[in-house]
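Residues in the sequence shown are numbered from 2 upward in steps of one, following our numbering. Even for Gly, the Cβ is constructed at its ideal location relative to N, Cα and C. Okay, structure first, notes after.
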Amino acid sequence: PENIQKKFKLELFCLFYCEQMLCVKAYMAQQPDELSLEKAEVILVILLSHLFSSDWVEGTRLSDFQRGWVLKSHLETISNSKVKARNLSDAFKLTTCSTRYSRRLTGVRPRA
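Written out as structure tokens, the structure is:
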């Protein structure tokens, strides 16, 4: 139930306040506040970040939720709603699996 609520909140937030962008050209971070991306990685971009710069966007990489700035010239906006929904679903599954794996390695049991 808690995970379902988190997923719903994330999807709702992303629906209204984020767009997804696909990395079409790898980008290597040059500064500590930048985000390195490999080709085909997807980031969530908070729409307000466009107000601060015309050449850069601040985004969160879906694969590991690392955040940073990326040049827009390396990105394309994903507009297909089915693809966007699948990307969010995959990211949620990935984080759920990695959390379970980490708990097994450390011996930490989930709270009841």
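- A direct Cα-to-Cα measurement between K94 and V43 gives close to 15 Å.
- Between E20 and I79, the alpha-carbon positions lie close to 7 Å from each other.
- Distance check between S64 and each of S55, R87, L72, K83 places R87 closest, using alpha-carbon atoms only.
- Going by DSSP, Q21 is part of the beta strand (DSSP E) stretching over 19-24.
- The continuous beta strand (DSSP E) containing L45 extends over residues 43-47.
- Burial state of M22 is buried, judged by a 10 Å Cβ sphere holding 16 or more other Cβ atoms.
- By the criterion of a C-beta distance shorter than 7 Å, A27 is surrounded in its chain by L38, E39, K40, once the five residues flanking it on both sides are discounted.
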